[in-house]
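Heads up: the sequence lines are chains A and B, in that order. Take the first sequence: its position 343, counting from 1, is numbered 343 in the UniProt record's numbering, and each next residue is one higher. Take the second sequence: its position 213, counting from 1, is numbered 213 in the UniProt record's numbering, and each next residue is one higher.
2 protein chains.
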Amino acid sequence: MATLRDLSRRLGLSVTQVSRALNGHADVAEATRARVLAEARRLGYQPNAAARRLATGRSGMLGLVLPGPPRMEEDSLFVQIVAALSQHLARLGRLFVLHIADPDEPQTEVYRRLIGGGAIDGFVLLEPQLRDPRVAFLRAEGVPFVVHGRIEPPHDYPFYDIDNRAVARRLTGMLIAAGHRRVAFLNGPARNTYAVSRRAGWREALEDAGIEPEPALHRFGAMSAGAGLVAAVDFWGPRGLWPTGVVCGSTRIAMGLLEGIRALGLSVPEDVSVVVHDDELPGLRPALFDPPLTATRSPLADGWPHLARLLVAAVDGEPAERLQVEGHVVTDERGSVAPPRPAPPGTV
Amino acid sequence: MATLRDLSRRLGLSVTQVSRALNGHADVAEATRARVLAEARRLGYQPNAAARRLATGRSGMLGLVLPGPPRMEEDSLFVQIVAALSQHLARLGRLFVLHIADPDEPQTEVYRRLIGGGAIDGFVLLEPQLRDPRVAFLRAEGVPFVVHGRIEPPHDYPFYDIDNRAVARRLTGMLIAAGHRRVAFLNGPARNTYAVSRRAGWREALEDAGIEPEPALHRFGAMSAGAGLVAAVDFWGPRGLWPTGVVCGSTRIAMGLLEGIRALGLSVPEDVSVVVHDDELPGLRPALFDPPLTATRSPLADGWPHLARLLVAAVDGEPAERLQVEGHVVTDERGSVAPPRPAPPGTV
DNA sequence: CTAGTATTCCAAAACGTTTCGGATGGGTGG
DNA sequence: CCACCCATCCGAAACGTTTTGGAATACTAG
């Protein structure tokens with residue numbers, strides 16, 4: 001493998017100048033730079049990553065840490081993320097390190113090990129939580145990171161996110177506009193920040209319409225078909241609360257909900273109106289549901305290129321304020337919303 | 001971050017001795033080593049990966065390169081591989097680098113870039129092919145690698161593999177033993193070495209029974225349900241070859257094959273006997289097919305820990321002969337094999 | 001002609017580790 | 001007492017890059 005010294009000898013230049021020529025510094029004559037570049041190409045020169053890293057303190061490696069092996073139903077999404085990050089980082093000249101943590105080891109220990117040896121320059125953080133310990137740790141250590149989503153203020157870090165409160169407001173608002181007053185919300189896990197924002201949005205939409213939000217109609221829970229099915233049985237079973245409209249935080253929840261609604265002999269949108277936020281999860285398209293579901297839509301996939309770009313910029317020292325991207329959300333009307341039908345006698 | 005120098009100053013030792021103490025060299029007094037270890041722990045010392053790498057030439061990073069984003073039906077398998085490699089390598093103190101190559105860039109260029117800067121010590125090679133260009137390149141460059149499967153002899157490299165010829169012999173043999181003479185084989189892609197070995201096994205089993213292998217009954221093709229379905233229509237359609245028994249190289253092929261057989265109004269095992277090799281692909285269990293399929297079984301997942309271990313050993317200079325593992329294959333009899341029924345009149 | 005300013009270059013230090021070639025001192029066998 | 005060996009230690013070089021602080025040259029303004 002050719003080194004800078006080899007080049008410098010062949011060219012009759014100092015190692016310094018060769019380095020500066022290759023790195024595009026200003027104080028090297030254009031003619032010299034051309035000679036250096038030509039010779040470097042000829043010899044197939046590639047800078048030694050270790051040496052560069054020792055000198056600069058940067059490794060050029062960016063990491064994603066998962067708390068454990070993904071659950072089966074998340075497989076396709078996981079592949080999407082990993083493939084996208086790897087590809088986009090490669091395009092930016094970085095390497096992608098994937099680390100599946102041992103579920104027993106404390107999260108921050110894992111990060112400590114990875115940054116300790118200077119192996120990894122920065123991290124992508126998925127599924128941020130309120131008072132996220134990873135964020136606290138990386139902040140304290142001064143290690144760059146980019147968040148997919150947002151944590152609580154101050155927002156002094158790079159992120160890609162959508163306006164989750166607005167999403168929930170819009171979905172809830174569509175049902176209210178159709179005349180619904182008992183609007184339930186099947187939300188994600190309470191520990192995730194986006195779920196908290198969405199609850200706020202649901203509340204606001206109701207309050208704006210002069211409706212008192214009924215706590216029992218809001219549910220934190222898993223983003224799974226199971227959660228939707230259970231909710232259906234619970235809402236419209238013997239002692240149910242009979243909401244007339246339901247906002248689903250995920251197409252997976254909606255899938256289970258629709259199954260439950262069908263099983264109970266009800267139908268959408270005649271008996272219940274359903275709307276959903278569509279992340280464009282692989283293989284789950286609200287347009288292909290029966291009936292097709294009205295939805296707000298912002299593909300998760302939109303975020304991956306941004307995350308790669310933002311993280312690289314953050315490692316390069318760009319200030320966080322310029323590294324905050326909010327994704328677009330569009331609305332797809334599909335006819336799963338109709339005016340409410342009065343609740344059957346004998347229910348609240 | 002504490003360095004060796006910090007430790008040496010605190011302990012009144014030379015940097016040399018501290019380094020040797022931590023790395024378990026022989027010429028350091030036990031008492032000294034204990035002191036060093038204690039102090040290292042106290043300061044939370046972690047060796048700087050870049051410096052070590054610069055000195056030793058090894059980076060501690062091991063890579064997997066995929067030629068492009070995985071296809072959807074392979075997602076779960078891909079997750080399994082990636083998660084397992086990451087976890088097992090982490091346990092061995094190495095980092096796992098996943099690189100999704102740009103499909104346009106020539107494979108060897110990708111590897112050249114990755115090893116060029118000394119970024120990656122060695123690679124896991126999946127889906128080896130005959131005269132695999134990656135193998136040729138890595139061999140020429142002297143970069144360690146481990147192969148999942150085998151390439152053509154000489155076998156002077158580390159691998160984990162099963163005896164694919166024996167698998168095909170066993171499956172074909174089971175059908176022959178039940179009285180079948182027209183035994184078809186739905187194989188994997190011709191470019192993959194395992195498919196070539198399996199074809200040899202199929203041939204041998206037939207020849208051992210004094211049956212002339214009929215080339216039209218063997219098919220290279222994708223490991224997909226589609227391939228199985230097409231084969232079914234082709235075998236038992238209007239101008240079909242009417243094999244009485246079929247060996248499937250994968251449960252995915254078998255899935256399509258069974259669907260086709262059913263669609264043609266035939267049934268297993270009355271009209272056709274079917275056996276399959278079961279890799280334990282996620283979500284595909286021959287025991288749950290209708291009817292349950294007789295199979296040879298060796299979980300792909302068995303291989304991942306070996307691959308991690310073998311690669312690490314290879315990078316550490318262990319000779320290849322000791323780094324060759326052959327996985328076990330068991331047979332599951334499930335009753336999808338019956339004696340053949342005579343071909344309908346008018347067919348070959 | 002002089003002082004000042006760009007432009008282009010370079011020697012040497014620094015990054016933190018491993019390793020090579022000894023040095024030191026105590027013990028052993030003669 | 002000498003020669004030798006063993007156990008334990010150390011200084012210095014090496015890995016290949018970036019960066020610092022200036023040096024040398026040519027040009028410009030006065």
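Cβ coordinates follow ideal geometry from the N, Cα and C atoms, glycine included.
Within 10 angstroms of the beta-carbon of alanine 200 of chain B lie fewer than 16 other beta-carbons, which makes it exposed. Within the stretch 300-340 of chain A, the complete beta strand (DSSP E) segments of 3 residues or longer fall at 324-326 and 330-332, listed in chain order. Annotated as proximal: alanine 231 of chain A and leucine 257 of chain A, with beta-carbon spacing under 8 Å. Taking C-beta atoms as the reference points, alanine 254 of chain A and valine 274 of chain A count as a pair closer than 8 Å. With fewer than three CB-CB distances shorter than 8 Å, the stretch 31-48 of chain B does not count as touching the stretch 96-113 of chain B. According to the DSSP assignment, alanine 184 of chain B belongs to the beta strand (DSSP E) that extends over 183-186. For tyrosine 160 of chain A, the secondary structure class from DSSP, reduced to helix, strand or coil, is strand.
Three or more beta-carbon pairs separated by less than 8 Å link the stretch 59-76 of chain B to the stretch 122-139 of chain B, which places the two stretches in contact. The stretch 103-185 of chain A is shown to contain whole beta strand (DSSP E) runs of 3 or more residues at 122-125, 145-148 and 159-161, in chain order.
Chain-ordered listing is empty here: chain A has no CB closer than 7 Å to the CB of proline 299 of chain B, the nearest sitting near 16 Å. Secondary structure note for serine 197 of chain A: its alpha helix (DSSP H) is the uninterrupted segment 193-208. Within the stretch 239-270 of chain A, the complete beta strand (DSSP E) runs of at least 3 residues fall at 245-248. Arginine 165 of chain B is not a Cβ neighbour of isoleucine 211 of chain B, given a cutoff of 8 Å. By the Cβ-count criterion, proline 319 of chain A is exposed, with fewer than 16 other Cβ atoms from all chains shown falling within 10 Å of its own Cβ. Spatial neighbours of leucine 43 of chain A in its own chain (CB-CB distance under 6 Å, excluding positions within 5 residues in sequence) are listed in chain order as Ala2.
Leucine 64 of chain A sits in a strand when the DSSP states are folded into three classes. If you draw a straight line from the Cα of arginine 219 of chain B to the Cα of leucine 186 of chain B, it is about 5 Å long. Straight-line spacing of the CA atoms in aspartate 278 of chain B and proline 238 of chain B works out to 30 Å.
Rounded to the nearest whole angstrom, the CA to CA distance from leucine 85 of chain B to phenylalanine 78 of chain A is 15 Å. Only buried fits proline 128 of chain A, as 16 or more other CB atoms lie within 10 angstroms of its CB. For arginine 94 of chain A, the closest Cβ of chain B is not nearer than 8 Å.
Rounded to the nearest whole angstrom, the CA to CA distance from glycine 335 of chain A to aspartate 75 of chain B is 33 Å.
Among the CB atoms of chain A, one or more fall inside 8 Å of the CB of methionine 72 of chain B. Contact check for glycine 249 of chain B against alanine 205 of chain B fails: the beta carbons are separated by 8 Å or more. Closer than 8 Å to the CB of asparagine 23 of chain B there is not a single CB belonging to chain A.
Leucine 54 of chain B reaches chain A at Ala50, Ala51 and Leu54, counting residues in chain order whose Cβ is nearer than 7 Å. The bridge partners DSSP lists for arginine 219 of chain B are B:Leu186. Look at the stretch 271-305 of chain A: the residues with a C-beta under 8 Å from a C-beta of chain B are Pro282 and Gly283.
Phenylalanine 235 of chain A sits in a helix when the DSSP states are folded into three classes. Against chain B, the beta carbon of phenylalanine 78 of chain A has neighbours under 7 Å at Val79, listed in chain order.
Chain order gives the chain B residues near aspartate 75 of chain A as Asp75, Ser76 and Val79, where near means a beta carbon separation below 7 Å. With contact defined as three or more Cβ pairs closer than 8 Å, the stretch 131-141 of chain A and the stretch 296-303 of chain A are not in contact.
Listed by position along chain B, the residues whose Cβ is nearer than 7 Å to that of glutamine 46 of chain A are Gly116 and Gly117. Closest in C-alpha terms to leucine 217 of chain A, from the list A:Asp234, A:Ser224, A:Asp208 and A:Met223, comes A:Asp234. Pairing proline 243 of chain B with valine 325 of chain B, the inter-Cα distance amounts to about 36 Å.
Taking C-beta atoms as the reference points, alanine 101 of chain B and glycine 68 of chain B count as a pair closer than 8 Å.
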